[in-house]
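Here is the structure we will look at, set down as structure tokens.
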Amino acid sequence: MRHERIFTPGPVELPDGIREVLGRQILHHRTEEFRRAFLELRELFKRLVEDPSDNFAFFASSGTGAMEAVILNFFMEGDKVLVINGGKFGERWLKLSHHWGLRPIEYRVEWGMSADPQRVRELLRENPDCKGVLFQISETSTGAYHPSEDIGSVCTEFDTLCVADAITALGVYHIKPSWGLDVVVGGSQKGFLLPPGLSVLWFSERAEKRLTDRAFYFSIRRELSKQKEGQTAWTPAIGLLLAMKESLQMLLEEGMERVEKRHRAISEGTLRAVEAMGLSRFAQKPSISVSAINSERSEEIRKELLKLGVRVAGGQEELKGRIFRISHMGMDPKDGLMVVGVLEVVLKRLGFGQILGEGVKAYTQTLMERGLW
Ligand SMILES: Cc1ncc(COP(=O)(O)O)c(C=O)c1O
Numbered sequence: 064m065r066h067e068r069i070f071t072p073g074p075v076e077l078p079d080g081i082r083e084v085l086g087r088q089i090l091h092h093r094t095e096e097f098r099r100a101f102l103e104l105r106e107l108f109k110r111l112v113e114d115p116s117d118n119f120a121f122f123a124s125s126g127t128g129a130m131e132a133v134i135l136n137f138f139m140e141g142d143k144v145l146v147i148n149g150g151k152f153g154e155r156w157l158k159l160s161h162h163w164g165l166r167p168i169e170y171r172v173e174w175g176m177s178a179d180p181q182r183v184r185e186l187l188r189e190n191p192d193c194k195g196v197l198f199q200i201s202e203t204s205t206g207a208y209h210p211s212e213d214i215g216s217v218c219t220e221f222d223t224l225c226v227a228d229a230i231t232a233l234g235v236y237h238i239k240p241s242w243g244l245d246v247v248v249g250g251s252q253k254g255f256l257l258p259p260g261l262s263v264l265w266f267s268e269r270a271e272k273r274l275t276d277r278a279f280y281f282s283i284r285r286e287l288s289k290q291k292e293g294q295t296a297w298t299p300a301i302g303l304l305l306a307m308k309e310s311l312q313m314l315l316e317e318g319m320e321r322v323e324k325r326h327r328a329i330s331e332g333t334l335r336a337v338e339a340m341g342l343s344r345f346a347q348k349p350s351i352s353v354s355a356i357n358s359e360r361s362e363e364i365r366k367e368l369l370k371l372g373v374r375v376a377g378g379q380e381e382l383k384g385r386i387f388r389i390s391h392m393g394m395d396p397k398d399g400l401m402v403v404g405v406l407e408v409v410l411k412r413l414g415f416g417q418i419l420g421e422g423v424k425a426y427t428q429t430l431m432e433r434g435l436w
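The sequence shown maps to residues 64 to 436 in my numbering.
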């Protein structure tokens, strides 16, 4: 029997329904059965994002692949873009832009802070030739949320493409067309609660007009002409696509409003709990997908949590050893309570000196106040 529970910001634990689908015999993709299943999956995705258009494509890649696909399909060499860089994944937009010969302007946001839409407006005013704004909805490395709807409306003012890495936001936040995002990138191993290896790229009509033919494997045009008919240009991640159907059904059954409400309550409950235990949050405006918690003893805490069967993530790069991160993606409220409870034990054993039970009390109260319990 396996005792370890995983609460890292990807991969996340797989629900039973998804594991059941993944355990089935492979289905050949050039068949009517696959075609039907894939078209059903596409209808479910449209319902999830509340967009009846066919403007989205799945790729057999991790999230970074779809980020690269964004650069290749919507921008040309020499294009100026504004990159909001507030962490490791903001940095990735910057690296990808440089790699493919774009001319990125960097809006550097201190790690743990969130972008200021007014600053985005100023930068776009100073750079009217900017072809796009690239950012993360949820900056997983710092646990910060960038105010995406506000950034979306600033982009609309300037007719520049609003490109959102929603890799730890899809399946968590109720993202819909009214947010004003033009290109949205997702990855399977996060809010969709699947193994890694499948990515999705969803885009607006405005973005469609900018489609280029620079990519080969990642060509959206080539994929879309096939995917609309229930086929794919290349061999798809068959098992993951079939399991994605299950994932979307689960999300739709709960309803995205309630899914977001659940994540919001668990995130708030966890942060209130850690504060009641004498620790502090790292991100100023936390993402509801992941909580980053300050502690110079974070590696010790992580090791002790693991001994008790709870795996959480540490900090990355400059935050290594300074924070630990708990993912809430797909979390059940009871699991959140368990993590807070085990963390209490660990902190007590490490001599943090908090009053036992304060964390659990804060978490429970929050979930009751938020109507989850
Ligand atoms: C916000 C964000 N963007 C991009 C990535 C990269 O995705 P992948 O590791 O699937 O390539 C991650 C992965 O953690 C992420 O959290």
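Think of the CB as a built atom: it goes at the ideal place given N, C-alpha and C, for glycine as much as any other residue.
Ordered along the chain, which non-local residues of its own chain (more than five positions away) have a Cβ less than 7 Å from that of residue i?
{"i": "Leu159", "result": "Met130, Glu131 and Ile134"}
{"i": "Leu40", "result": "Any answer about residue 40 is impossible in this case: the structure gives the chain only from 64 up to 436."}
{"i": "Trp242", "result": "Ser211, Glu212 and Gly215"}
{"i": "Val84", "result": "Leu305, Ala306 and Glu309"}
{"i": "Leu261", "result": "Phe121, Ala123, Ser251, Ala300, Leu303, Leu304 and Met307"}
{"i": "Arg412", "result": "Glu367"}
{"i": "Gly206", "result": "Phe345, Ala346, Pro349, Ser350, Val353, Ser354, Ala355 and Arg388"}
{"i": "His162", "result": "none"}
Could you compute how far the alpha carbon of residue i sits from the alpha carbon of residue j?
{"i": "Pro258", "j": "Gly341", "result": "35 Å"}
{"i": "Leu197", "j": "Leu145", "result": "6 Å"}
{"i": "Leu410", "j": "Met392", "result": "24 Å"}
{"i": "Val445", "j": "Leu233", "result": "The structure shown does not extend to residue 445, since the chain is modelled only from 64 to 436, so the question has no answer here."}
{"i": "Gly80", "j": "Ala306", "result": "9 Å"}
{"i": "Glu67", "j": "Thr94", "result": "39 Å"}
{"i": "Ile351", "j": "Leu256", "result": "16 Å"}
{"i": "Ile69", "j": "Pro299", "result": "27 Å"}
{"i": "Ser116", "j": "Arg335", "result": "40 Å"}
{"i": "Ala278", "j": "Met313", "result": "33 Å"}
{"i": "Leu90", "j": "Ile301", "result": "7 Å"}
{"i": "Ile238", "j": "Ala227", "result": "11 Å"}
{"i": "Ala120", "j": "Thr231", "result": "18 Å"}
{"i": "Leu244", "j": "Arg182", "result": "18 Å"}
{"i": "Met319", "j": "Pro349", "result": "19 Å"}
{"i": "Gln252", "j": "Phe415", "result": "34 Å"}
{"i": "Gly372", "j": "Gln294", "result": "42 Å"}
{"i": "Ala100", "j": "Leu311", "result": "13 Å"}
{"i": "Ser204", "j": "Val235", "result": "17 Å"}
{"i": "Thr429", "j": "Lys291", "result": "44 Å"}
{"i": "Glu331", "j": "Gly399", "result": "11 Å"}
{"i": "Ser288", "j": "Glu421", "result": "56 Å"}
{"i": "Ala346", "j": "Glu103", "result": "39 Å"}
{"i": "Met401", "j": "Tyr426", "result": "10 Å"}
{"i": "Arg98", "j": "Leu382", "result": "45 Å"}
{"i": "Gly128", "j": "Trp156", "result": "12 Å"}
{"i": "Leu369", "j": "Glu286", "result": "42 Å"}
{"i": "Val263", "j": "Gly126", "result": "8 Å"}
{"i": "Lys151", "j": "Pro396", "result": "29 Å"}
{"i": "Leu374", "j": "Lys272", "result": "The residue asked about is misnamed: residue 374 is Arg in this sequence, not Leu. So the alpha carbons of these two residues sit roughly 44 Å apart."}
{"i": "Val217", "j": "Tyr280", "result": "32 Å"}
Please state the DSSP three-state secondary structure of residue i.
{"i": "Phe122", "result": "strand"}
{"i": "Phe279", "result": "coil"}
{"i": "Gly377", "result": "strand"}
{"i": "Ser361", "result": "helix"}
{"i": "Val84", "result": "helix"}
{"i": "Arg388", "result": "strand"}
{"i": "Phe97", "result": "helix"}
{"i": "Val353", "result": "strand"}
{"i": "Arg68", "result": "strand"}
Apart from the five residues on each side of it in sequence, which residues of its chain come closer than 6 Å, Cβ to Cβ, to residue i?
{"i": "Ala178", "result": "Ile147, Val172 and His209"}
{"i": "Gly404", "result": "Val423"}
{"i": "Asp114", "result": "Pro240"}
{"i": "His92", "result": "Pro299 and Ile301"}
{"i": "Gly176", "result": "One point to set straight first is that residue 176 is Met, not Gly, in the sequence displayed. Taken in chain order, the residues that qualify are Gln347."}
{"i": "Ala339", "result": "Glu421, Gly422 and Ala425"}
Which residues in the same chain have their Cβ closer than 8 Å to the Cβ of residue i, if we skip the five residues on either side of it in sequence?
{"i": "Leu274", "result": "Asn136, Phe137, Ile283 and Arg284"}
{"i": "Ile168", "result": "Lys143, Val144, Leu145, Val146, Leu186, Asn190 and Cys193"}
{"i": "Gly384", "result": "Glu359, Ser361, Glu362, Gly377 and Gly378"}
{"i": "Ser343", "result": "Val337, Ile356 and Asn357"}
{"i": "Tyr170", "result": "Leu145, Val146, Ile147, Asn148, Ala178, Arg182, Val183 and Leu186"}
{"i": "Ile364", "result": "Ser358, Phe387, Leu406, Val409, Leu410 and Leu413"}
Assuming residue i and residue j make a contact with CB atoms under 8 Å, what is their CB distance in whole Å?
{"i": "Thr223", "j": "Leu165", "result": "Incorrect: roughly 13 Å between the Cβ atoms, too far for contact."}
{"i": "Ile356", "j": "Ile329", "result": "Contact flag wrong, Cβ pair sits at about 14 Å."}
{"i": "Ser390", "j": "Thr71", "result": "6 Å"}
{"i": "Gln88", "j": "Gly153", "result": "In fact, because the Cβ distance is near 42 Å, the residues do not count as touching under 8 Å."}
{"i": "Gly249", "j": "Ala229", "result": "5 Å"}
{"i": "Leu435", "j": "Arg325", "result": "6 Å"}
Any beta carbon of chain C sitting closer than 8 Å to that of residue i?
{"i": "Glu106", "result": "In the displayed structure, chain C is absent; only one protein chain is listed."}
Quick one: complete alpha helix (DSSP H) runs, 4+ long, within the region 178–263? 180–189 and 211–221
Run through the region 289–351 for me and flag every whole alpha helix (DSSP H) of 4 or more residues, listed as ranges in chain order. Listed in chain order, they are 301–317 and 319–339.
Write down every uninterrupted run of the alpha helix (DSSP H) in the region 99–178 whose length is 4 residues or greater and which is fully enclosed by it, in chain order. 126–137 and 151–162
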